[in-house]
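Enquirer: Dumping the structure here so I can ask a few things about it.
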């Protein structure tokens, strides 16, 4: 168990010792369970709907502060069975299937006799890739002729799939009795006001295109999740090697690392060698949907010369990846020939890789984007595997100055048109968004997207709210991401500190994830998503009651919270100390607040002997009355 | 030069070796000049108005991309003469004076024969403090009897002080010819739309209370700056030791470190021993205004027992600190007795230290807050030294659940009342704000503050937009800070990653500063502050043109940007490579964009022979016409 793949010598980092140490750490990270946490499953209407949560156990309130029991808090869990001690993990075998039975039961798919893409077949035969190949590649599944296997197709027919029920349970974030569920009414800009998410609601949202369930029939290992503005805001983490470095092992380790910290989906943006094999390893071991940008691999196949791309190569790439199990494809079909020159006067031109590939192709051939002209054929492929569209914003702004310009918004309108065309095929669609946008221009993006794409889920990269902080673009973008998430964006693509500078390592990936979990959660709170504030309430109560360990364990990143506290107060005893690390033992504001509370309660007892439940309130009212009666001097000397 | 003070054995950190290494690093950091930067001064109407800027030199655009000259970019500079190689730095002597002559010329102050506070006198005589005492304490200055020496007082009389002219030059961020000054029209929610900041405008804003110039006559070393919603958004960094650790040296090093990275003001929140001596060292060496919370020291004087506080001790503390040169005082005069019980049902009660001290005092004595009842006497002291108020929000929410509640907003309304009372004394005022607030409730804070405090500058701590990320609260709060800065907050108090967990070290201080520079700058961009986007434009142009060094040098933190880039591509040659670190040498979107641009220009040349300036645009128009004429197939095969 916990075996990582064997590196081929060619893939091994130059420093072998360092690589070995990294491997050992990766293996430890793979299955480590977060402190005070355990995996729990909530069962749905059938025994094979087992929805995972992480349950964080809390300690009791100290006796001096009331001594009450604090029930455990349940949190959404993207980490898969890696954090289930009852499951044997073996990366060489891949994850157990979650959806296989559900897919089989629908009887609308065939298991093919082998891979049908030319490239997939070639790679399978290629002796040079044998050493790095995932050993248990199964024959892919495809829709029977004339069948459409998308979740949207089922939804439109009124079918509630097990995936939908699973998601309803997952989104509800059920809490035990006693958890403080108070929260502020949110402002959700026209999204639905919900109290509970039902399977039927999930079905409706998918049927109407407001949400997608990225779930390729060839990725049965994936734990169903949903992306839509009426659900929890999700985050995506990009991984992927490039010509400059990183191995298959590193990418698999980044994927499991990212999902451990909360990535809801992973995009594999590899552009280096062995893209195909890397992807197989990632998909087979991923509990979350995997997205790709197929044009990247297509470009590799034509040796990086954009002009040499053509529909046949691209189509083969789509089939190759769909049969591996990619759950959503970024397709830059909105980069129309006539929009390309609109970018000429930009400060930073076209910064999307996919966008520039297609722009280059269009200009070189003096032809319309072949992704646009072949869009219906793409839909035909997508619906045979249930791959969702992520319609790429190839003309997104690459700097503040270029935000919200004609090129960007022209493309967005075309993405709206393509959304409708995809929906005619019952293919699920989300729309990619910017980029670099100053704060006051963020909402315009959301509003226009909602209008022209008819509420198809928006999936944005940040946006970055200033250009002047390379090295900190996880932060410049988290500001924009939190805001646009609040306004209605369904998924936020993370940005790491390395954005614009280099390839993220594990630390960068984690920094990006935690930062985006913050942005997404801040958005959930602002939208008033049901139950979103329960974790904030539990953590703040722990903080107030000096329950340091509970505070750490409830944090998005317990390890960092604990180690920062230990830097100032390393002793174990300090973690139960009734003072906090900022003020020291002599003076503590929280301690004084306890006195205030005791005082108010005493006042209350003295002023009122009405019902137990409302005694504090009654006391406060009595005090206010007394205050006014006594010429605004409430507290008379006794 | 660069000598740091000698530690007394009691102050020395336990690990002497580590401390020595830290000292050596601190000494190096003290005067290091950021790469490609030089200190330049712009002279005002008189030769002693020398306004500092940091000028960042840029390289030319590579020949292949046009070869144009890129003029240097001037940025606001808070680092003081530490980064002026022509000035000898000696922390034992303190900084040279900037404002001494201006203060003397006004002839409204006397130099006293010695310190007038009881405590100040005692400490000066105390043989035990001799070793840690700043050696060149000068006799303080105070307003002549009947005089008022506040900048507001001068402003109301129509006097433009040298401080005001200095600030006008500083805020304009003058740029050399050729700098790209394009920017988006902002949305500023009723703030002034400016194109240039004049000395007269500065005067008006101060006279009307919409801005403050924190500038104690006993802190002549301070380089004048302004805090107000119609100026650049400022940031404050908190430093200060506690009973648990850190020495005078460390605090001075944190101050110079914080101003080096962009702190506009520093608050010394020390609560440990030797508060008085630490503060003297900090003020004498600080080029930015220093704020304090005098009640912290007053509490030390009564051995940490809040009930034992009284007006006499507090008054003596105000005078003690005013004579040292503190530029603004946080005064929690709005924590009224009748508001205290409003916090009893809160999830986290009173979390402000000052707020809880006063609440404890009020309850213990059954009396109204003595800061409120003695408010006019406090004003009399403030105006004799020109100390500005920072009216403390002692009842700010300590968690999401407690945001915008009755206690918080009741206190805010009282702060509005006190603002008017201070203005009657011509004492400058800003108002402190929260705290923990979900995004959708942030604007309500700003709107109410503007209304009840009549646009007196708002100075907020974040706000944090979620409670669930201890260890990352610089980020949870930067989201709220950027938003509230956009809405009109004049100064943002930074939050470090250690918030809620421990005392910040140098790394934490820098992380907090850079994060808050991002938030403040994002707010400037969104407000449309004149010239704010120039640095973004310059950096994005450098990025687009693969001028890596320029990109690093224009970054808020050049060191981190450079080192992150070097992690992926360490070789020097890569820094001039025409591909970026994400994509590798074979494929690069920016390279393709260059092709698009060349193409559009060729098209333009072909389609139009009109004026040189608008040829690209004319070309685009011609192309659009052609596109429509040719049945929406713009690019016909040749």
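Protein chains in written order, with UniProt numbering: chain S, 1 to 638; chain B, 1 to 638.
We treat Cβ as the ideally placed atom computed from N, Cα and C, and that holds for glycine.
1) List the residues of chain B that residue 535/S touches, going by C-beta distances under 7 Å, in chain order.
2) Tell me, please, which residues DSSP counts as bridged to residue 110/S.
3) Using three-state DSSP, classify residue 546/S as helix, strand or coil.
4) Check whether the Cβ of residue 567/S lies closer than 7 Å to any heavy atom of the ligand PLP, and answer yes or no.
5) Quick check on residue 18/S: buried or exposed, where buried means 16 or more other Cβ atoms within 10 Å of its Cβ?
6) Any beta-carbon of chain S closer than 8 Å to the one on residue 382/B?
7) Identify the contact partners of residue 567/B in chain S, using a Cβ-Cβ distance below 7 Å as the criterion.
8) Counting only the same chain and skipping the five closest in sequence on each side, list residues whose C-beta sits under 6 Å from that of residue 253/S.
9) Beta-carbon of residue 301/B versus every beta-carbon of chain S: anything under 8 Å?
10) Is residue 368/B helix, strand or coil when you go by DSSP?
11) If you measure between the beta carbons of residue 347/S and residue 552/B, is that distance less than 8 Å?
12) Check whether the Cβ of residue 596/B lies closer than 8 Å to any Cβ atom in chain S.
13) Classify residue 28/B: buried if its beta carbon has 16 or more other beta carbons within 10 angstroms, exposed otherwise.
14) Would residue 440/B pass as an interface residue toward chain S - the criterion being a Cβ-Cβ separation below 8 Å?
15) Just to confirm the assignment, what range does the beta strand (DSSP E) spanning residue 291/S have?
16) Once you ignore the five residues that flank residue 275/S on each side, which residues in its own chain have a CB closer than 7 Å to its CB?
17) Which of the three DSSP states is assigned to residue 222/B in this structure?
18) Can you give the beta carbon distance from residue 83/B to residue 39/B, rounded, assuming they're within the 8 Å contact cut?
19) For residue 20/S, write down the residues that DSSP places opposite it in a beta bridge.
20) For the region 384-417 of chain B, list every residue whose C-beta sits within 9 Å of some C-beta in chain S, in sequence order.
21) May I have the straight-line CA-CA distance separating residue 124/S from residue 130/S, to the nearest angstrom?
22) Sorted by chain position, which residues of the same chain lie with C-beta nearer than 8 Å to residue 408/B's C-beta, five sequence neighbours on each side aside?
23) Is the CB of residue 547/S under 8 Å away from at least one CB in chain B?
24) How many angstroms separate the CA atom of residue 560/S from the CA atom of residue 563/B?
25) Mark residue 178/B as exposed unless 16 or more other C-beta atoms lie within 10 angstroms of its C-beta, in which case mark it buried.
26) What residue range is occupied by the uninterrupted beta strand (DSSP E) comprising residue 55/B?
27) DSSP state of residue 43/S, grouped into three classes?
28) Keeping to the same chain, check which residues put their C-beta closer than 7 Å to that of residue 522/S; ignore five residues upstream and five downstream.
29) Excluding sequence positions up to five away, which residues of its chain have a Cβ less than 8 Å from the Cβ of residue 96/S?
30) Can you check whether the CB of residue 336/B is closer than 8 Å to the CB of residue 312/B?
31) Compute the beta-carbon to beta-carbon distance between residue 512/B and residue 173/B, rounded to the nearest angstrom, for a pair I have assumed lies under 8 Å.
32) Quick one, are the C-beta atoms of residue 257/B and residue 509/B less than 8 Å apart?
33) Going by C-alpha distance, which of 278/S, 284/S and 293/S is nearest residue 269/S?
34) Once the 5 residues before and after residue 164/S are set aside, which same chain residues still bring their CB inside 6 Å of it?
35) Buried or exposed, going by whether 16 or more other CB atoms sit within 10 Å of the CB of residue 385/S?
36) Specify the secondary structure class of residue 73/S as computed by DSSP and reduced to three states.
Expert: So, from the data block:
1) Position 535 of the first chain, counting from 1, holds the residue named residue 535/S. Per Cβ cutoff of 7 Å: 468.
2) What you label residue 110/S is simply residue 110 of the first chain in a count that begins at 1. Bridge partners of residue 110/S: 142/S.
3) For the purposes of this step, residue 546/S is identified with residue 546 of the first chain, where counting begins at 1. Coil.
4) This structure simply doesn't include the ligand PLP, nor any ligand for that matter.
5) Mapped onto the first chain, residue 18/S falls at position 18. Exposed: under 16 other Cβ atoms inside 10 Å.
6) Mapped onto the second chain, residue 382/B falls at position 382. So, not an interface residue.
7) Counting from one through the second chain, the residue named residue 567/B turns up at place 567. By Cβ distance, chain S contributes 502.
8) Taking the first residue of the first chain as position 1, residue 253/S is located at position 253. The answer, listed in chain order, is 26.
9) In the second chain, the residue the question calls residue 301/B occupies position 301. No, its Cβ sits nowhere closer than 8 Å to a Cβ of chain S.
10) In the second chain, the residue the question calls residue 368/B occupies position 368. DSSP places residue 368/B in coil when its eight states are reduced to three.
11) What you label residue 347/S is simply residue 347 of the first chain in a count that begins at 1. What you label residue 552/B is simply residue 552 of the second chain in a count that begins at 1. Going by C-beta atoms, residue 347/S is not nearer than 8 Å to residue 552/B.
12) Residue 596/B sits at position 596 when you count from the first residue of the second chain. Yes, residue 596/B lies at the interface with chain S (some Cβ there is under 8 Å from its Cβ).
13) The residue labelled residue 28/B in the question sits at position 28 within the second chain. Classification of residue 28/B: exposed, given that the 10 Å Cβ count is below 16.
14) Residue numbering aside, residue 440/B sits at position 440 when the second chain is read from its first letter. Answer yes: the Cβ-Cβ gap between residue 440/B and chain S drops below 8 Å somewhere.
15) Indexing the first chain from 1 puts residue 291/S at position 291. Looking at the DSSP string, the run of the beta strand (DSSP E) that includes residue 291/S is 290-292.
16) Position 275 of the first chain, counted from the first residue, corresponds to residue 275/S. Only 297 and 300 meet the Cβ criterion.
17) Against the second chain, residue 222/B aligns to sequence position 222. Coil.
18) Translated into positions along the second chain, residue 83/B becomes position 83. Translated into positions along the second chain, residue 39/B becomes position 39. Between residue 39/B and residue 83/B the Cβ distance is about 5 Å, and since that is below 8 Å, they are a contact.
19) Locating residue 20/S in the first chain gives position 20, where the first residue counts as 1. For residue 20/S, which the question treats as bridged, DSSP gives no partner whatsoever.
20) 398, 399, 400, 401, 402, 403 and 404
21) Here residue 124/S refers to the residue found at position 124 of the first chain. Here residue 130/S refers to the residue found at position 130 of the first chain. Spanning the two alpha carbons is a distance of roughly 8 Å.
22) Residue numbering aside, residue 408/B sits at position 408 when the second chain is read from its first letter. Contacts found: 393, 395, 396, 397, 402, 434 and 435.
23) Counted from its first residue, the first chain places residue 547/S at position 547. It does not: the Cβ of residue 547/S has no partner Cβ on chain B nearer than 8 Å.
24) Translated into the one-based positions of the first chain, residue 560/S becomes position 560. Translated into the one-based positions of the second chain, residue 563/B becomes position 563. Rounded to the nearest angstrom, the two C-alpha atoms are 23 Å apart.
25) On the second chain, position 178 is the one that residue 178/B refers to. Exposed, by the Cβ-count rule.
26) Position 55 of the second chain, counted from the first residue, corresponds to residue 55/B. Looking at the DSSP string, the run of the beta strand (DSSP E) that includes residue 55/B is 50-56.
27) Here residue 43/S is taken as the residue at index 43 of the first chain, counted from 1. It is a strand residue.
28) In the first chain, the residue the question calls residue 522/S occupies position 522. Within the same chain, residue 522/S has close Cβ partners 482.
29) Looking up residue 96/S in the first chain gives position 96. Closer than 8 Å at Cβ, skipping near neighbours: 81, 87 and 221.
30) As a position in the second chain, residue 312/B is number 312, starting the count at 1. As a position in the second chain, residue 336/B is number 336, starting the count at 1. Result no, Cβ atoms of residue 312/B and residue 336/B do not sit closer than 8 Å.
31) Counting from one through the second chain, the residue named residue 512/B turns up at place 512. Counting from one through the second chain, the residue named residue 173/B turns up at place 173. Between residue 173/B and residue 512/B the Cβ distance is about 23 Å, and since that is not below 8 Å, they are no contact.
32) In the second chain, residue 257/B corresponds to position 257, counting from 1. In the second chain, residue 509/B corresponds to position 509, counting from 1. Contact: yes.
33) The residue labelled residue 269/S in the question sits at position 269 within the first chain. Closest by alpha carbon: 293/S.
34) Position 164 of the first chain holds residue 164/S. Excluding residues within five positions, the ones whose Cβ falls inside 6 Å are 199, 202 and 203.
35) As a first step, residue 385/S is located in the first chain; it is residue number 385 there, counting from the start. Burial call: buried.
36) Numbered from 1 along the first chain, position 73 holds the residue referred to as residue 73/S. Note: residue 73/S maps to strand in three-state DSSP.
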